[in-house]
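Those protein sequence lines, which keep their order, are chains A and B.
When the first sequence is numbered by our numbering, its final residue is 1345 and no position is left out of the sequence of numbers.
When the second sequence is numbered by our numbering, its final residue is 612 and no position is left out of the sequence of numbers.
The structure appears below as structure tokens.
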Amino acid sequence: MVRINIDGKELQVPAQSTILEAAKNNDIFIPTLCHHPKLTPFGGCRLCLVEVKGFLKPVTACTTTVGEGMEVVTSSPEIEELRRLVLELILSDHPNDCMVCEKTGSCALQELAYMYGVREAEYAGERRNYETRDGNPFIERDLEKCILCGRCVKACDEIQGVEAIDFGYRGFRAKICTSYEEDLDCEFCGQCVAVCPTGALTGKLWKLKGRPGTTKEIDTVCPYCGIGCNITAHVKKNEIVRITSAEDTWNEGWLCVKGRFGYQFVSSPDRLVRPLIRTAPKSGMPSLGRKGIKWGEVFREASWEEALDLIASRIREIKETHGADALAGLSSARCTNEENYVFQKFMRAAVGTNNVDHCARL
Amino acid sequence: MKDNTVVRVCMGPAGIAAGGKAVLEAFRETLADRNIDAEVKEHCSSHQVGCLGLCARDVLVEIGRNGSKTSYQYVKPDMVGRIVAEHIVGGTPVKEWLVDETFDTFYRKQVKIVLADCGRVDPEDIDSYIAAGGYEPTREVLMTWIPDDVIEEIRMSGIRGRGGAGFPTGLKWELARRSKGDVKYVICNADEGDPGAFMDRAVIEGNPHSVIEGMLIGAFAIGANKGYVYIRAEYPLAVERLKLAIKQAYERRFLGRAIFNTQFSFDIEIRLGAGAFVCGEETALIASIEGERGMPRSKPPFPVNRGLWQRPTVINNVETLANVPYIIRKGWAWYASYGTEKSKGTKVFALTGKIRNQGLIEVPMGITLGEIIHEIGGGIEGNRALKAVQTGGPSGGCIPAGMLDLNVDYESLAKAGSIVGSGGMIVLDEDNCMVNMAKYFIQFTQAESCGKCVPCRVGTKRLLEILTRITEGQGKEGDIERLERLSRGVKTASLCGLGQTAPNPVLSNLRYFREEFETHIRDKKCPAKVCKKLLRYSILEEYCKGCGACMKACPADAISGDKKKPHRINPDRCIRCGACFEACKFKSVARD
């Protein structure tokens, strides 16, 4: 622990923390755009500039580590002027698009512009002009709204380890792009979308379906696998229109492509809602999915009682005729750990075989 | 030296461009053909050497004989035969080809330390360097000194970083030595990128071993066993000569394991820069060596604590390192005897622009700007009036003609709103427009901004836009204030040295030439007549002979008129190219 002074407050903070972390943990506000607590510091937006006694120039709070006896001033007329100028410059190259922007209401840039009352750019000039042309079904990249904070690049690299995107070009033409500016072709985990502070990266699936604040937010657990990421379902008219995950969850807000974008099954008309019992003979019958075969020709709907009774009787029958090892159980990654535990217990103790496996292992 | 007669042909960048290679070949052939050694009964050889300095008069050839030197200027291959016959054989120099008396004034005020052997040794021959005392300092240091002695020697010499920032080299080495870590690195920054600067290039092309020696001594001092030279790929000859020098140094076991049979080992690798100016910034350079995109990182942590691959790293400029062996050889007191109280030693400048003696000069710190311009530089070309001297390239500023008494050292230049920088020195006369000059440099920094931080990426763009509109007659009231506010902001808020210094040309030009900006904005006039869109061409009817030359020259069909009668320029069609102005023999085209 070291003793530092921020804005006149004497504080004890961990020795390795940055000025920004120290301030945040003590409820002292420092504006940021490029900073993300789970990513390595970038120092590009220059909004977190603070004055440190003994330093000739303001330093970025996000990259500067605290030192014993350090005296920090987070707000002064000079500092606020620099922050204002930086905001003016960002907005001078940003579409005035908040009316239809997916990010409105949850946009860090919009919030800061509001806070500093930056309405129109004193330094209006050329704006970047990009075509959106990505062929993928998940991630919308509107690079005109990009403020080059680099969060997406870092999330892709440091969290996902994919390195699908990076900075390209120099000067005003600098942009975040894939190698050779090809269409985005990655895992589509959407970590980049989650960390983007503006409307530059959004989900194609939730376009015009309802911005945060206009939806009902329900915290739940991702049903896809046993990891059980915490997610928030944004619901409008009893339909999920977006999935997000909060940073303060155990999965730190990170999700995979299925968890983030694969929520349509919930209200799919093809979703099975009742057990089915096969009616067609097992051999000589074309499998489902072939053209012209409807499920109704192969299965019939049944109640849970009937279905479970059938399963129990068939297992007993096979076990008695062929022995327990003639049976095998395959469990699903979509079940919880507890469910999988119970399943293997069932296979071993009740059925009497070690033939049990799990689809995530395949 | 074993040679009795030595012919040195300048093969610096300008020397080669002027045909140095052909001249050297001609000397070699002529000397061999005539079997000169026997004829003059002494050993005679010809060498290529690095930049001799006065690039404007290349190819320069220096003939050394019995301790005296004679120099020829503007040498062409067909002049070689006569020089050999009359001078080397006959003993009488060819008078009309010798350098004139102004040649001496070019050298008189110079003090050559880092360039002392540049122009004397053959950069492609390690023996030539060893014969001139090379690698002796390294031998002495490795065998008889301890690292702290080296640091003390460098610290006492007072040498400061020659790359531009002027950080005390001894202190940097000391910090790196004290920094904890089992692996440390020495990096030579040879990514010289300022427009109009070619000091580092000349040093590497002219005397590459001095840089290797500097790295060796520095590595010994801080405890590093690995060094990198980060050199821009746009310097192919420098790269080639450096590669050769490193190879030769390995062959003589000046590099590698157990150097001079001591415990000390040191390896050097070359890394080529791919054309990004920002990679001359030390943290961007580190990122580039690591294989990342060349983008700067925030300091602190400083490279001496966490540099290349997070290890303590010393990054020194070429010129700084090349000074080191000479400081060791002659002692700190000798070095510190040159310069001012806070800026010691000498500095190499690339003198260019509207000056007679363009070339590479090395002067003691503290020399006045006037001495450089009028004595070494020989004054302004074409007897025009000096307007300003631009120092420090895109990170620097202009010193107006009225301040020629200014001492050229770190503190004085900074106080005057400019910087020593890497050493570019561009001389401007009354035909240079200061708004346009600022625009040129901002254009450069904007294109070279890495894009990481907002003030530099967007701020320099907006500066450029405002400057552009001023030069195009679209300047608005308040633009000067806008420039000032933006410049101050970009300077303070930018992440790295590139952005922090980018507004310097704007601020310094505004400081000394504010009225020129005002004239552009309010009167829509360019006093230097540089900004095309502000020029108006018209024909003075009383002088016009109606010859039609202007009409023929005009690419826009803007001039009309009958033969032998005064012509007219249609201002709506005129594209202000100035072709009529150049074409008219009677000075009847007015430009204002």
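Virtual Cβ for every residue (Gly too), placed ideally from N, Cα, C.
- At least one beta carbon of chain A lies nearer than 8 angstroms to the beta carbon of B/Arg313.
- The beta carbon of A/Thr1319 lies closer than 7 angstroms to those of Gly1209 and Gly1211 in the same chain, with the five residues before and after it left out.
- If you check each beta-carbon in the stretch 469-490 of chain B against every beta-carbon of chain A, the ones closer than 7 angstroms belong to Ser469, Cys470, Gly471, Lys472, Cys473, Val474, Pro475, Arg477, Val478, Gly479, Lys481, Arg482 and Glu485.
- Under the three-state reduction of DSSP, A/Gly1312 is assigned to strand.
- In terms of Cα proximity to B/Ala210, the closest of B/Asp287, B/Trp193, B/Glu254 and B/Leu72 is B/Glu254.
- Within the stretch 342-367 of chain B, the complete alpha helix (DSSP H) segments of 4 residues or longer fall at 352-356, listed in chain order.
- Exclusion of the five residues before and after B/Val27 leaves Phe47, Ser66 and Ile83 as the residues of its chain whose Cβ lies within less than 6 angstroms of its Cβ.
- Using beta-carbon distances, A/Leu1003 does not count as an interface residue toward chain B, since no partner is under 8 angstroms.
- Cβ-Cβ distances below 7 angstroms link B/Lys129 to Val383, Ile387, Glu391, Glu395 and Ile396 in the same chain, with the five nearest sequence neighbours on each side left out; the list follows chain order.
- Under the three-pair Cβ rule at 8 angstroms, the stretch 490-503 of chain B does not count as touching the stretch 1038-1057 of chain A.
- By the criterion of a C-beta distance shorter than 7 angstroms, A/Val985 is surrounded in its chain by Val996, Ala998, Val1049, Gly1050 and Glu1051, once the five residues flanking it on both sides are discounted.
- DSSP, reduced to helix, strand and coil, places B/Met445 within a strand of the structure shown.
- Residue pairing from DSSP places B/Ser580 in a beta bridge opposite B/Arg588.
- Excluding its 5 nearest sequence neighbours in each direction, B/Pro113 has C-beta neighbours in its own chain below 6 angstroms: Thr90 and His107, listed in chain order.
- Using a Cβ-Cβ cut-off of 8 angstroms, A/Glu1146 does not count as an interface residue toward chain B, since no Cβ of chain B sits closer than that to its own.
- Bounds of the beta strand (DSSP E) holding B/Asp287 are Asp287 to Gly293.
- If you draw a 10 Å sphere on the C-beta of B/Gln268, you find 16 or more other C-beta atoms in it, and that means buried.
- In this structure, B/Gly87 keeps its C-beta atom at 8 angstroms or more from the C-beta atom of B/Gly139.
- Using a Cβ distance threshold of 8 angstroms, A/Leu1191 and A/Asn1119 do not count as a contacting pair.
- Within the stretch 111-149 of chain B, the complete alpha helix (DSSP H) segments at least 4 residues long are 122-128, listed from N- to C-terminus.
- Judged by pairs of C-beta atoms under 8 angstroms, the stretch 148-167 of chain B does not touch the stretch 311-325 of chain B, as fewer than three such pairs exist.
- In this chain, the alpha helix (DSSP H) harbouring B/Arg508 covers Asp499 to Ala513.
- In the DSSP assignment, B/Asp53 falls within the alpha helix (DSSP H) that extends over Gly40 to Asp53.
- Look at the beta carbons and you see the stretch 474-485 of chain B not touching the stretch 543-551 of chain B: under three pairs across the two are nearer than 8 angstroms.
- Taking a Cβ-Cβ cut-off of 7 angstroms, the neighbours of A/Lys1040 in chain B comprise Thr512, given in sequence order.
- In the structure shown, B/Thr25 falls within a strand segment according to DSSP collapsed to helix, strand and coil.
- Fewer than three beta-carbon pairs drawn from the stretch 534-543 of chain B and the stretch 569-589 of chain B are found closer than 8 angstroms, and the two stretches are therefore not classed as touching.
- By the rule that beta-carbons nearer than 8 angstroms mark a contact, A/Ala1006 does not touch chain B.
- Only residues of its own chain outside the window of five on either side were considered, and among them Arg1194, Pro1195 and Gly1196 have a CB closer than 8 angstroms to the CB of A/Ser1089, listed in chain order.
- For B/Thr491, no beta strand (DSSP E) encloses it; the enclosing alpha helix (DSSP H) starts and ends at Thr480 to Thr491.
- CA-to-CA, the gap between A/Gly1306 and A/Ala1333 works out to about 13 angstroms.
- For A/Asp1149, the neighbours in chain B by C-beta distance under 8 angstroms run, in chain order, Arg313.
- The alpha-carbon separation between B/Leu506 and A/Asp1076 amounts to approximately 15 angstroms.
- Annotation for B/Gly247: the continuous beta strand (DSSP E) segment containing it runs Lys246 to Arg252.
- Annotation for A/Asp1149: the continuous beta strand (DSSP E) segment containing it runs Asp1149 to Gly1151.
- Straight across, the Cα-Cα distance linking B/Val344 with B/Asn245 is about 18 angstroms.
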